[in-house]
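Participant: Before anything else, here's the structure in question.
Number of protein chains: 2
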Amino acid sequence: MDKKTVRRKEIVSLLTEQPTLRISEIATALNVTRETIRRDFREMTDLGLIDRLYGGALLRQGPETNVDQRNDLLVEERKKIARLACARLEGAQTIMLGSGATTAHAARQIASECKDMTVIVHSLGVIAALESNHSLTIVMAPGLFHPGERAVHGVTTVEFLENYSADWCVLGASGIGTEGASDALLEGSDVYRHMIRRSARCMVLADASKFNRRFPSRYADWSRVSALVSDQMPDRDLTAAIRAAGTEIITA
Amino acid sequence: MDKKTVRRKEIVSLLTEQPTLRISEIATALNVTRETIRRDFREMTDLGLIDRLYGGALLRQGPETNVDQRNDLLVEERKKIARLACARLEGAQTIMLGSGATTAHAARQIASECKDMTVIVHSLGVIAALESNHSLTIVMAPGLFHPGERAVHGVTTVEFLENYSADWCVLGASGIGTEGASDALLEGSDVYRHMIRRSARCMVLADASKFNRRFPSRYADWSRVSALVSDQMPDRDLTAAIRAAGTEIITA
DNA sequence: CAGATATTATTGCTCTTGCAACATTTACTA
DNA sequence: TAGTAAATGTTGCAAGAGCAATAATATCTG
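Those protein sequence lines, which keep their order, are chains A and B.
With the UniProt record's numbering applied, the first sequence corresponds to residues 1 to 252, in that order.
With the UniProt record's numbering applied, the second sequence corresponds to residues 1 to 252, in that order.
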């Protein structure tokens with residue numbers, strides 16, 4: 001672990017003991033210059049770890065994520081998927097994110113691993129997962145708010161997306177079948193279809209429980225999907241159908 | 001209640017909303033010199049109400065209940081304002097809502113009292129307050145997400161609003177002065193100004209602690225505001241200035 | 001090992017804060 | 001109403017803090 005990481009862990013640990021730190025104090029304590037601490041503070045602020053004060057910093061009190069995660073079954077699977085997805089986004093400048101629990105998990109991972117990315121979203125849950133990372137540019141799409149999904153939908157949303165382009169779009173799915181990815185919500189599917197259209201590549205996230213299920217609205221056939229990210233490989237037939245369209249299957 | 005007491009209550013109240021205050025900021029906001037604030041801080045530190053920082057102060061976090069009590073009082077005031085505002089919206093078909101804590105309170109009231117209304121919003125906090133009422137049509141505006149305010153801002157937001165019209169817009173304010181209503185955030189003010197333009201009438205919500213304070217960005221002079229809703233009447237001069245522009249003051 | 005890159009230190013400058021002493025205003029009381 | 005005490009404003013100065021440009025050092029990579 002390099003010096004920088006050690007120092008920053010030390011800063012966080014000190015802040016859990018006392019509410020605020022002054023730059024001059026820790027600079028002498030850790031035997032570095034004040035400028036170095038200032039640089040640490042700047043970056044840690046961008047990452048949403050701390051809040052700056054004139055002359056110091058205090059620990060950021062943010063929304064707790066543990067509570068949500070406990071209520072959630074399938075957490076481990078989704079975390080794994082999130083990590084895989086995030087690794088694949090390496091180098092992307094702009095991405096679009098769909099809605100749903102799996103996507104929100106991916107968003108949390110993105111918030112902790114990525115920097116200086118532009119993220120276009122239409123879901124409140126996804127924003128909540130991203131907002132701790134101040135270095136991200138988060139663009140919210142407009143539209144009719146759907147209370148169940150906590151996301152916006154409709155013509156307005158779709159039209160808005162036409163003005164944007166992304167390197168990747170990252171979508172969840174209710175069902176993964178031989179003929180493509182499908183969703184339970186018709187309105188969400190319209191948004192997804194347009195996100196795919198406006199993105200260079202498309203990644204679908206789905207844990208194994210979604211395999212071989214078909215929902216009313218198919219939002220993409222496999223020819224439009226660059227990669228399926230999951231915690232397990234699908235069965236023979238499904239794998240064959242997906243690969244036949246040139247879609248990569250990422251499980252580890 | 002003398003000025004000093006009012007000012008110190010205000011300091012505590014501001015500290016319940018944000019973790020720290022900087023001397024220079026509140027000095028200009030409350031229109032006193034920094035030395036005065038410094039003297040306040042010294043005495044409040046002796047009383048154990050706050051902790052000093054270099055350049056500011058933060059609320060002392062301990063087993064003290066005073067803080068909670070004051071916070072509850074503030075909630076009471078906001079509830080009163082919310083009820084008054086809601087009563088005045090009777091019969092409106094479409095409304096626009098701003099951001100901020102007071103507006104969120106009003107939104108909660110609207111969610112419990114109103115039916116079949118279209119509500120145009122740009123704040124996540126306001127959506128959260130509204131989403132329990134499924135009879136409402138909630139339209140979310142697009143834009144750049146601002147993590148601090150949990151709302152969207154910017155050119156995209158403003159352009160979007162041009163496509164909508166409303167019977168009322170309901171806005172919060174950081175400061176209420178003779179020359180109009182002002183806000184601490186410049187980006188929010190741009191959105192507010194356009195909401196006013198696109199609404200037949202405009203309502204500003206502000207508890208008495210906001211009176212005679214001026215913040216960087218004035219988003220409306222009183223000629224553009226139909227009604228100011230508060231828990232108390234402002235002083236003579238302020239009342240006169242507001243009424244001179246034809247703005248109604250609603251306190252009960 | 002050399003070159004490239006990242007990290008940290010140093011320096012010079014400006015702005016902000018804290019403090020103290022003194023002036024002014026406000027509020028209260030006889 | 002005058003006089004007094006409290007509260008607030010004003011000013012000058014020393015120390016702290018932020019910023020940007022540059023130099024020095026550490027770290028990585030082929």
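C-beta: ideal position from N, C-alpha, C; glycine also.
All figures in this text were calculated on a predicted structure; none of them were measured in a lab.
Verify the CB distance criterion: does V152(B) have a CB-CB separation below 8 Å to chain A?
Facilitator: Taking the first residue of the second sequence as position 1, residue 152(B) is located at position 152. V152(B) counts as touching chain A.
Participant: So the beta strand (DSSP E) V54(B) belongs to, where does it begin and stop?
Facilitator: Residue mapping note: residue 54(B) aligns to position 54 of the second sequence, counting from 1. This sequence places Tyr at residue 54(B); Val is not what is there. Careful: Y54(B) lies outside any beta strand (DSSP E) and carries neither H nor E.
Participant: Give the C-beta separation of V119(B) and I95(B) to the nearest angstrom, bearing in mind that I take them to be a contact with Cβ-Cβ under 8 Å.
Facilitator: Walking along the second sequence from the start, residue 119(B) turns up at place 119. Walking along the second sequence from the start, residue 95(B) turns up at place 95. That belief holds up - the Cβ atoms of V119(B) and I95(B) are roughly 6 Å apart, short of 8 Å.
Participant: How would you list, in chain order, the residues of chain B whose beta-carbon sits under 9 Å from the beta-carbon of A141(A)?
Facilitator: For the purposes of this step, residue 141(A) is identified with residue 141 of the first sequence, where counting begins at 1. Neighbours of A141(A) on chain B, chain order: M140, P142.
Participant: Using C-beta distances below 8 Å, list every residue in its chain close to D235(B), excluding the 5 sequence neighbours before and after it, in chain order.
Facilitator: Taking the second sequence and counting its residues from 1, the one referred to as residue 235(B) is at position 235. The residues are F211, N212.
Participant: If I measure Cβ to Cβ from A200(A) and keep anything under 6 Å in the same chain, skipping five residues before and after, which residues do I get?
Facilitator: Reading the first sequence from its first residue, position 200 is the one you call residue 200(A). Result list for A200(A): D167, in chain order.
Participant: I want to verify the contact list: residues of chain A whose CB lies under 8 Å from the CB of E131(B), in sequence order.
Facilitator: Position 131 of the second sequence, counted from the start, is the residue given in the question as residue 131(B). Neighbours of E131(B) on chain A, chain order: F145, P147, R150.
Participant: By Cβ distance below 6 Å, which residues in the same chain neighbour K115(A) in space, the five residues on each side in sequence not counted?
Facilitator: What you label residue 115(A) is simply residue 115 of the first sequence in a count that begins at 1. Excluding sequence neighbours, K115(A) sits near S135.
Participant: Which residues does DSSP list as the beta-bridge partners of F145(A)?
Facilitator: Numbered from its first residue, the first sequence carries residue 145(A) at position 145. According to DSSP, F145(A) bridges with V152(A).
Participant: Could you tell me whether the segment 165-185 of chain A touches the segment 98-113 of chain A, where touching means 3 or more Cβ pairs closer than 8 Å?
Facilitator: The segment 165-185 of chain A vs the segment 98-113 of chain A: in contact.
Participant: Just by C-beta distance, which residues in the UniProt domain "HTH deoR-type" (4-59) of chain B are closer than 8 Å to chain A?
Facilitator: So the close ones are P19, T20, R22, D51, L53, Y54, G55, G56, L58.
Participant: Return the chain-ordered ranges of every alpha helix (DSSP H) run that is complete within the UniProt domain "HTH deoR-type" (4-59) of chain B and spans a minimum of 4 residues.
Facilitator: Those alpha helix (DSSP H) runs which fall completely within the UniProt domain "HTH deoR-type" (4-59) of chain B and span 4+ residues are 23-29, 34-46.
Participant: Where T137(B) and I250(B) are concerned, what is the direct C-alpha to C-alpha distance, given to the nearest angstrom?
Facilitator: Reading the second sequence from its first residue, position 137 is the one you call residue 137(B). Reading the second sequence from its first residue, position 250 is the one you call residue 250(B). The straight-line gap from Cα to Cα measures roughly 27 Å.
Participant: What is the rounded straight-line gap between the Cα of N133(A) and the Cα of S24(A)?
Facilitator: Reading the first sequence from its first residue, position 133 is the one you call residue 133(A). Reading the first sequence from its first residue, position 24 is the one you call residue 24(A). The straight-line gap from Cα to Cα measures roughly 26 Å.
Participant: Per DSSP, what kind of secondary structure is S217(A) in: helix, strand or coil?
Facilitator: Along the first sequence, one-based indexing puts residue 217(A) at 217. The answer is strand: DSSP assigns S217(A) an E or B state.
Participant: Compare the C-alpha of M233(B) against each of R224(B), R193(B), G177(B), V191(B) and name the closest.
Facilitator: Residue mapping note: residue 233(B) aligns to position 233 of the second sequence, counting from 1. Cα-wise, what sits closest to M233(B) is G177(B).
Participant: Would a C-beta distance cut-off of 8 Å place A181(B) and V158(B) closer than the cut-off?
Facilitator: Taking the first residue of the second sequence as 1, we reach residue 181(B) at position 181. Taking the first residue of the second sequence as 1, we reach residue 158(B) at position 158. It is not a contact, given that the beta carbons lie outside the stated cut-off.
Participant: Taking beta-carbon pairs under 9 Å, can you tell me which members of the segment 102-113 of chain B lie near chain A?
Facilitator: The residues in question: there are none.
Participant: What do you get for Q109(A), buried or exposed, if any count of 16 or more other CB atoms within 10 angstroms of its CB means buried?
Facilitator: Translated into positions along the first sequence, residue 109(A) becomes position 109. Classification for Q109(A): buried.
Participant: Name the chain B residues that come within less than 7 Å of H134(A), Cβ to Cβ?
Facilitator: Counting from 1 along the first sequence, the entry for residue 134(A) is found at position 134. P147, listed in chain order.
Participant: Taking the C-alpha atoms as reference points, what is the distance between S217(B) and S13(B)?
Facilitator: Reading the second sequence from its first residue, position 217 is the one you call residue 217(B). Reading the second sequence from its first residue, position 13 is the one you call residue 13(B). C-alpha separation (whole angstroms): 21 Å.
Participant: Is it the case that the Cβ atoms of A107(A) and A129(A) are separated by a distance below 8 Å?
Facilitator: Walking along the first sequence from the start, residue 107(A) turns up at place 107. Walking along the first sequence from the start, residue 129(A) turns up at place 129. Yes; because the gap between Cβ atoms is below 8 Å, this pair is in contact.
Participant: Hey, would you say Y54(B) sits closer than 8 Å to G246(A), going by beta carbons?
Facilitator: Reading the second sequence from its first residue, position 54 is the one you call residue 54(B). Reading the first sequence from its first residue, position 246 is the one you call residue 246(A). Cβ distance not < 8 Å, so Y54(B) and G246(A) don't count as in contact.
Participant: Nearest chain B C-beta to T137(A) closer than 8 Å, yes or no?
Facilitator: Counted from its first residue, the first sequence places residue 137(A) at position 137. It does: the Cβ of T137(A) has a partner Cβ on chain B nearer than 8 Å.
Participant: Taking C-beta pairs closer than 9 Å, name the residues in chain A that F160(B) reaches, listed in chain order.
Facilitator: Reading the second sequence from its first residue, position 160 is the one you call residue 160(B). Going along chain A in sequence order, the residues near F160(B) (Cβ under 9 Å) are P142, T156, F160.
Participant: Quick check: what's the CA-CA separation for H194(A) versus L161(A)?
Facilitator: Residue numbering aside, residue 194(A) sits at position 194 when the first sequence is read from its first letter. Residue numbering aside, residue 161(A) sits at position 161 when the first sequence is read from its first letter. The straight-line gap from Cα to Cα measures roughly 7 Å.
Participant: Can the beta-carbon of G148(A) be found less than 8 Å from the beta-carbon of H122(A)?
Facilitator: As a first step, residue 148(A) must be located in the first sequence, where it is residue number 148. As a first step, residue 122(A) must be located in the first sequence, where it is residue number 122. No, Cβ-Cβ distance for G148(A) and H122(A) is not below 8 Å.
Participant: What span of residues does the beta strand (DSSP E) with G177(A) cover, start to end?
Facilitator: For this step, residue 177(A) is matched to residue 177 along the first sequence. Per DSSP, G177(A) belongs to the beta strand (DSSP E) from 175-177.
Participant: Beta-carbon of L84(B) versus every beta-carbon of chain A: anything under 8 Å?
Facilitator: On the second sequence, position 84 is the one that residue 84(B) refers to. Taking Cβ atoms only, chain A never reaches closer than 8 Å to L84(B), which makes this a no.
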